[in-house]
Every structure is written in structure tokens, then in C-alpha cells.
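The block underneath contains the structure these notes are about, expressed in C-alpha cells.
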Amino acid sequence: SEARHRTVQLCILLFLGTDRRIYYMISKGGSEALLRTLVSSMKRVPPNDIVLLPLMQLLAKVGHRDRKIGHKAEEAEAVHLTLSLLRRSLHDQRRATACLWVLRVFASCGELSVDMILSLCSLLETNSRHAVDRGYVTTLIKLFEDWHYTDLENQYVPLRRSLLHCLRHITNIRAGKKALFESDGISILYRTTQDLLGKRGVELLVISATQIMRKCYPKCPLPLPSSQSVYSFPVPGRPESSHSCDSSSHGKSRCRLSWRTLSFDEDLETDLRKLCTRPEPDRTRQDLKQYERFFPELQSDFKVLNNCSSHCGSSEEQVRKSKQTHRSCETTRTAVSELYQEARSFHSPHLITTRHEMLSILLERHQFSIPGHDPEIYTNFAAMTKSIAGYSLLAFPDFWGHLPLPYQQSIAQRNDGVQRKKVFEDIQRLLNPGDIIDKVVFDLETPRFEYDLILNSDVNCSQHHQWFYFEVSGMKAGMLYCFNIINCEKTNSQFNYGMQPVLYSVQEALQGRPHWVREGNEVCYYKNHFSQPSSSKGGQKGLSFYSLSFTVIFPHNDDVCYLAYHYPYTYTALQTQLQLLKQSLDPEMVFFRHQTLCNTLNGNPCPVITITACPRSQNRNNVQQFRNRPYVVLTARVHPGESNASWVMKGTLEFLCSNDPAAMMLRETYIFKIIPMLNPDGVINGTHRCSLTGEDLNRQWMKPDINLSPTIYHCKGLLSYLNGIGKAPIVFCDYHGHSRKKNVFLYGCSIKETLWQSGTTASTTTVKEDPGYRTLPKILDRIAPAFAFNSCNFLVEKSRQSTARVVVWKEIGVLRSYTMESTYCGFDQGVYKVNQHLLIVLYAVDWWFPIPVLGEPCDWRFSFQPVSKVSHLPVIDLCWSFQGKPAGTSMPLYWDWKPLL
49 SEARHRTVQL CILLFLGTDR RIYYMISKGG SEALLRTLVS SMKRVPPNDI
99 VLLPLMQLLA KVGHRDRKIG HKAEEAEAVH LTLSLLRRSL HDQRRATACL
149 WVLRVFASCG ELSVDMILSL CSLLETNSRH AVDRGYVTTL IKLFEDWHYT
199 DLENQYVPLR RSLLHCLRHI TNIRAGKKAL FESDGISILY RTTQDLLGKR
249 GVELLVISAT QIMRKCYPKC PLPLPSSQSV YSFPVPGRPE SSHSCDSSSH
299 GKSRCRLSWR TLSFDEDLET DLRKLCTRPE PDRTRQDLKQ YERFFPELQS
349 DFKVLNNCSS HCGSSEEQVR KSKQTHRSCE TTRTAVSELY QEARSFHSPH
399 LITTRHEMLS ILLERHQFSI PGHDPEIYTN FAAMTKSIAG YSLLAFPDFW
449 GHLPLPYQQS IAQRNDGVQR KKVFEDIQRL LNPGDIIDKV VFDLETPRFE
499 YDLILNSDVN CSQHHQWFYF EVSGMKAGML YCFNIINCEK TNSQFNYGMQ
549 PVLYSVQEAL QGRPHWVREG NEVCYYKNHF SQPSSSKGGQ KGLSFYSLSF
599 TVIFPHNDDV CYLAYHYPYT YTALQTQLQL LKQSLDPEMV FFRHQTLCNT
649 LNGNPCPVIT ITACPRSQNR NNVQQFRNRP YVVLTARVHP GESNASWVMK
699 GTLEFLCSND PAAMMLRETY IFKIIPMLNP DGVINGTHRC SLTGEDLNRQ
749 WMKPDINLSP TIYHCKGLLS YLNGIGKAPI VFCDYHGHSR KKNVFLYGCS
799 IKETLWQSGT TASTTTVKED PGYRTLPKIL DRIAPAFAFN SCNFLVEKSR
849 QSTARVVVWK EIGVLRSYTM ESTYCGFDQG VYKVNQHLLI VLYAVDWWFP
899 IPVLGEPCDW RFSFQPVSKV SHLPVIDLCW SFQGKPAGTS MPLYWDWKPL
949 L
């Protein structure tokens, strides 16, 4: 009675007084006294509500003014006691409410709030289970439906939202989802939501109802007999039944997947010894002697000028030299119609034996000239390419060729409500399953306007679904076709931020417009109800696939069109480009060697290219200067789905072999070793990320296997050989594509930046590091319109320790070792801002890349001006004074950058 009397008196004093009394009490330790009293009262069994309830009300009032109340409560052990009392008081409304008041005050301390929320989660789950067991789900659904049809003026929206709030919490558990589905809850929510669309003041109801429907949509596997790829390849030394990406049977994949669960800071390498210590070479000098043949420029018997450009180890003798024609692409409408029918016959599987005749007819009737492409050479190279599926047909865009668009395409604007519309369409399918043709089809006699497409996994694998390239024919002009790719894996995509697929029309090509065009409306990327197999995700369950959905209106009847994730670039296209590039060179100016680094697992040659300037004469000094040039090594396309890397590499090769003054200076200063395609088998067989072994080749650099990863093994051997003879490259760059960011940027390696970012206690004052790794990115940021220095990263992550960038930096000792990432989408800065990728921009990206290699001793001055109102492509007047010549001399150079269409 005495405690009760004192508590009542204190309540009267504080509740009737001003805040000044409360602050005075806090300053004299009043909060601590209240907490001690609260703890002792809660420990009594049973609790005395006459004392406890006023005390908790008082503590709630005082706690709002005490900024340290959370820490004080933790020290007094009041937090867990209050949570425990709340669990025991669920049947007592007054006591439970008082507990919640106090907990809300305690949660004002940020450090305590997370722990309290986690403790309350189990309480919410218990309440949800009680609600399911007692049949409250059906009652809540009926109440919501009744209020929906009663509240016609929308005066009780908060009440209806509260009912949905209860349902949302109940459906957080599996039993709640099942109860809502069995009580026809999805159907009721769908009907009521459709009534609310377009009405003002009820948007929150639509959002809540949509979230509940998506959550309760039954999960189901893909309609496939197996998650494994339809193609397999016998991997040397591995049983045919095992798959590298099946982590249940392959330990390396489990290890690789485990890195993905690390947070950003946990993934950073913080061991100073590992960062600073260079590993011992993994091969002897004798082993590296085999790579001497890839450096003919260093051999003592080097023949100068006689045949400076040559092609070693290629199939040049099997390829007929291209006959260049320059006739107009314009034809009469009748001729176009006839050619189009022949083009359709060219793709008919029933006429494979007449493919060469169709090819001859097409080329004879429609002679044309596309720079850097020759259909006859392409076809001959394609016939020699080895695929595990035995491909015998050519896609028309690959055979016929294409030109860059003469105009830019802006990043697509996404309409409001597109994703919600797609979700409602999925729910409608669930409610009306009879509207779906639930079977695999390749051709339909009855016209359909919506198709669900399933991407094949990488070879010998059960995952990596992203890249696509497929043909559509027999369409009706002006009709809206919808394509849903339903088994994408990444949690987000640039398709949600303005990116569109690319489309190629055969009819347009035959009318003189052979372009890949960004196409697609209502583009949306969202989580669907198809569940990923746990075997492909290291045993993780509950992961969902994502859908890419877009609509297309085809302009021509019965056309043949091709849709792709990004501009395709095939292995045969590379071979054709190298052949045509060699034919166009002046052998007295350009030293060009095309050799075969090795054969892939399936027997396709992996090319390695050497580009530099020929010595000016056979004079000893000139030859010596030729051999003393430093090396730059460039690689690309280790991930087959990143076709933009090949387009950037195409720009590199064409620029370095051009007559541009900057290119001539680069050739006279450096020797470029280029491996333009590190994963030919993956490109040929349509994989997104892996080789034929089902492994990511960019995770094999630390210890590559000569039998399983021959291209990586020999590429690393070539770099090790250069390092062994004292000619380690001054720059190494591996070209990639990025699906979640815009612009072009570099990843590099820095010890200090890694340690600073990780917040480690290790001192960096004793670490000496050359800051030159930042020079090239900074220069690129100044001169390249597509480059974004703010997106660059120089951190060394544990999950990237076996990538090319990190291994070449750490083991070969290349300070400027980079991964260059080019966006699939477009740009949000500079002169290309709000524009999507064009092929011409992809070429231009790597015309810029080699320039900063000259840039360290240069003074750069640059300006931008538009070429014309039609193209909006920049001409950049670039001036620098190159100080690499003998002292006292300089070479001013003015270079106008113009796109070569």
C-alpha cells in the first residue's frame, strides 16, 4: 500500500506539472529509480497491477524526455523482463498495452531497437499461429470484403487497411498463406483490388492487397523435367553424371556460393600479409619456354619489312578472299518480296541441303557492302566452327550483317503501374488456368499473342539464366505480342531502369535497313512464383525466379525477326573481323600477327593477336627500339553472355590498326597482346557465364587446369612468360559487361583503399603503394564521354581473389590491372546522357581506352562539339604534347575523333 501511495503521488506531481519537473527528476537519477522499481515489481509473481500499471505509464512519460533511457533500461535488465511480461500478458489488454508503451520508449535507442524487434518477431509469429488455428483468416477476409462493398464513399479506409495489415502479418507464416489461399482469399482480394484501381484515396489499400496476393501465390517449379541444361559435354576426368554448378556434389561451387552471403565489409581482404605478399610462380622457366613462339617480335631471326603482317596457325587458306561490292541496297518492292521469301527458305529446317544455293541466290540478287563484314567469309568460318549441339543453321543477322543505327535511342521511360499490371496478369492466370496452353510448343496454328519463354541453363549446369537470342516468325503486323522470360535469376536488372531488348527484322534488312534496334514496351523485371531448385543454389530453399516481360508490335506481316538481350557478337564474327582486318592493313605500317593460343575443350582455336608498328628500317637501333617497347595486354569475353565486351574489343582492334595519328603513336610506343575471346566454347554454345565444364573461367586464374581451362591456363602462362623475361605488362585489362549499372568504369586493385574501406586496425603508414593505378581511370574520366570515375572501385575482395584482375595484380605484379565494365543499358552522364547503348558508342568506348596509356606524361586539353543534328555524336578535338621523345623535343598532335560508320 505504501508503494502504491508513493507511485500515485509521483504520478500526480509529474502529470500535473510541466516538463521542467520531469527534466529535474531525470537529472537527479529519477529514470534509474523508476527502472529499479519496475524491475522489482515485474519479478513478483503474480504481478501487482495496482502498482505496475501506473509505474509503467509514468516511465513511458519520463522516458520520452530521457535520451539515454534505452541504455539505462539495458543496464537495469528491464528490457528482457518487459518482453517476458508482454508474452505472459497477451490475455490482459491493459497490461499488454502498458508493456508496448514502455518498449516503444526503450526502442528510441537505435542499438536496442534491432534486438527488440527480433524478440518481438517470435511473439508476432505466435499470435499469427493462434489466428490461423482459430479460423480468424476466413473471418478477416469476409470482414474486408463486407467493408469493401459497404464503404462506397471510402470513409473507413483506415479500418479496411487495418484488416489488410492483420492479414499481412498472418501470411508471414506458411500456415497463414495456406489458410488464405484455401479460403479463396486471393480471388476476393483480386476482385476488390480491381474495383479500387483508378480511384482516389485508396492507393494504400491496393498496395497492401497486392503485397498479400504476391506473398500467397503458390510457389511451383518450372514446367521442365529437369533443371539441368539440355546439353551436356563430357568433361575430362569427371563422371558424366556430375555437374559443376550442382553444389550438392561439387565442393568448389559450395565454397564459391558461400562468398555471396558475405556482407560488403566482410568480403574485403583485410590480411595485410596476403595483400602485400606475392606468391611464388606456379610454373618453372622451362615450362614457360613454350610461350616464346607468341613473341616473334623478340626473336633474333626476325625478318623486317618483308612480311611484317602475317597470320599463323589460322585457316586462311580455307577462306576465300572477299569480293567487295559497292552497289546500292535499294531494290524494287517486288524484288524485296522475292528476296524475303528466299530469306525465309534460308531458315527452313527442311531445306538444309539447299542452304548454299539459297546463300548464292541472296548474294547474287542483293549485293551490298557492310564495313567489316563479308557473308561468304562468315559462312565458311561458321562451317568450321564446332558446337556440341551440331548447329547447322545461321541466324540471318549474323550471316547478312548489320549497320549501327544512324541516330540515338533514348532510355525508355517506364510507365507507372506496369509491374502491378504484370502481377495482376499472373494472378489472373492462377484464377483462370483454362486460359493457358500448358505445354511446350514450337509452332502454333492458332495465333497466340503472349508467350512464356524458359531460358536454358549453361552447359553442364543448372543455373545462369540471363542471355537470350531467339527468332520469331509468322507474326501479324500491328498486333501487340507479349514475351515473358520466366526464369531469370538476378534480383534486379537495368530492364527496370530504361533498358530494352534489341530487335532485327529481315524485311527491314532486305529493304536496306539492316539494324539492331532497341525495341519493347511495358518492359518490366519482377519476382515471380516459380521457385529455383535448391540444388542450383547450394541447398538454399525458397528462392524465386524473376520474370522479364515486354511487348512488341511488329511492323510487317509474316516477317522473320530476332530478339536478343544485347547486340549479339559470335565467335565466327570475331574470326571474320580478324580476317578482314588483316586484309585491310598496310604491312609496311602495322605489325599484325594472328596466332592460336590454344584449342578449347571442343577443339575451337582461341586467337591471340599482336599489334604494334613495324621498325622503320633494319637498322640495329630501330630494331632494338622495336623490341624494347613495353607491353599492354587486353582480354575479353570470358563470360559469353557479355557480348558488349566483344563490341568494345572490336573497337579496340579497329582503332589500333587504323591510320589515326593517335593509333600510329600507340603502335610506335607499345606492343599490344590481345586475346579477344577467352571463352570461345561458351560463346558458340550460347552459355551466359560458364565454359563447357560448367565453371566460371574468371574464377580459375589462381590455379587454372590445363585440361579444364586451357585458355586461362595459357593466357596466364603468356603473362608469366613476360614477367619472367622482365617485360611484365604496364597495363592489363579484361573487358566485361555489367547488367546492373550504367556507363563504363574500371575495377582496379589497391592495398590502402581496401584497408581504409574495411575499417581494419592495421596501420597503412608503413605500406608503400604507387598511386599510378588511378592515373588511367582519371584520364579516361576527363576525355571519354561514356566513362564514370565515380563508379570505379579499387578494392580487393575475397570473392574476387581468383579473378584475372586480382591474380595479374598480385602474382604478375601489374600495378595497372583492371576489369573494364561496360553497361548493357546506357548512360546517365555526359553527352550520351539518357541514351541507350548504340553499337557506334560501344566501338568508341575502346577507341578511348588505349589513349591514356600515353597520357601519363601528357598535358591534356579537350573540347566537345556535336557532329551534326542528325547523329548527335561528339567530335572531340584533342591536343596533347607527348614528352616521351628525347629531351628538349615535343610532338604536338591534333586528333579529330570521328565515328567510322
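Plus 48 on top of the position in the sequence shown (first one is 1) and you've got my numbering.
A virtual CB, placed ideally from N, CA and C, is assigned to each residue, including glycine.
Values in this document were obtained by computation on a predicted structure and should not be read as measured data.
How big is the Cα-Cα spacing for residue i and residue j?
i, j, result
"C797", "Q805", "13 Å"
"S440", "F518", "15 Å"
"V879", "L824", "21 Å"
"F793", "D729", "27 Å"
"L478", "T599", "21 Å"
"D199", "L211", "14 Å"
"A223", "H119", "38 Å"
"Y72", "H112", "14 Å"
"R286", "D330", "24 Å"
"Q643", "C738", "24 Å"
"L138", "V150", "15 Å"
"Y204", "A144", "27 Å"
"E556", "Y499", "24 Å"
"T951", "V278", "Lying outside 49 to 949, the shown extent of the chain, residue 951 is not represented and no answer is given."
"L714", "C705", "10 Å"
"F192", "R208", "6 Å"
"E251", "S757", "55 Å"
"W307", "D315", "Unreliable placement is indicated for W307, whose pLDDT of 38 sits below 50; no coordinate value is reported for it."
"A81", "L106", "12 Å"
"W928", "P616", "With a pLDDT of 32 at W928, under the threshold of 50, the predicted position of this residue should be treated as unreliable, and no value is reported."
"A108", "R135", "19 Å"
Report yes if the C-beta distance between residue i and residue j is below 9 Å; otherwise report no.
i, j, result
"L766", "L645", "yes"
"V87", "A124", "yes"
"T660", "C781", "no"
"P777", "K721", "yes"
"E317", "E801", "no"
"E345", "I719", "yes"
"L726", "T759", "yes"
"L501", "I601", "no"
"N508", "V283", "yes"
"L629", "G420", "yes"
"F578", "K267", "yes"
"V681", "C662", "no"
"T174", "C147", "no"
"A431", "F447", "no"
"F842", "K826", "no"
"N532", "L596", "yes"
"K433", "I732", "Before going on, a small fix: residue 433 reads as Thr here, not Lys. Result yes, Cβ atoms of T433 and I732 sit closer than 9 Å."
Give every residue of the same chain whose Cβ lies closer than 6 Å to the Cβ of residue i, excluding the five residues on either side of it in the sequence, and list them in chain order.
i, result
"P445", "Y552, Y610"
"I459", "G546, G874, V882, Q884"
"Q467", "C572, Y574"
"N544", "Y573"
"V520", "C609"
"L215", "L188, I260"
"W515", "Y613, G689, H736"
Within the 9 Å Cβ cut-off, does residue i reach chain C?
i, result
"Q334", "Absent here is chain C; the protein component of the structure consists of one chain."
Given residue i, which residues of its chain have a CB within under 7 Å of its CB, disregarding the five upstream and five downstream residues?
i, result
"P833", "G878, V879, Y880, P922"
"R262", "V471"
"A693", "A684, R685, Y783, H784, G785, S870"
Using C-beta distances below 8 Å, list every residue in its chain close to residue i, excluding the 5 sequence neighbours before and after it, in chain order.
i, result
"S385", "Low local confidence applies: a pLDDT of 48 at S385 is under 50, so the model's placement there is unreliable, and no value is given."
"H213", "S256"
Name the one or two DSSP bridge partners that residue i has.
i, result
"N569", "T599"
"D500", "N532"
"H178", "Note: H178 sits in no beta bridge, so no partner."
"E845", "L316"
Along the chain, which unbroken stretches of the beta strand (DSSP E) at least 3 residues long are found entirely within the region 189–227? The region 189–227 contains no whole beta strand (DSSP E) run of 3 or more residues.
Suppose only complete runs of 4+ residues qualify. What are the alpha helix (DSSP H) ranges in the region 686–770, listed by chain order? 691–704, 709–717, 728–732
Complete runs of the alpha helix (DSSP H) confined to the region 113–167 [at least 4 residues]: Within the region 113–167, the runs of alpha helix (DSSP H) at least 4 residues long that lie entirely inside it are, in chain order, 117–123, 126–136, 141–154.
Runs of 3 residues minimum, wholly inside the region 418–448: which ones carry the beta strand (DSSP E) assignment? none
Threshold first: 3 residues or longer. Then list the beta strand (DSSP E) segments lying entirely within the region 644–693, N to C. 653–661, 679–684
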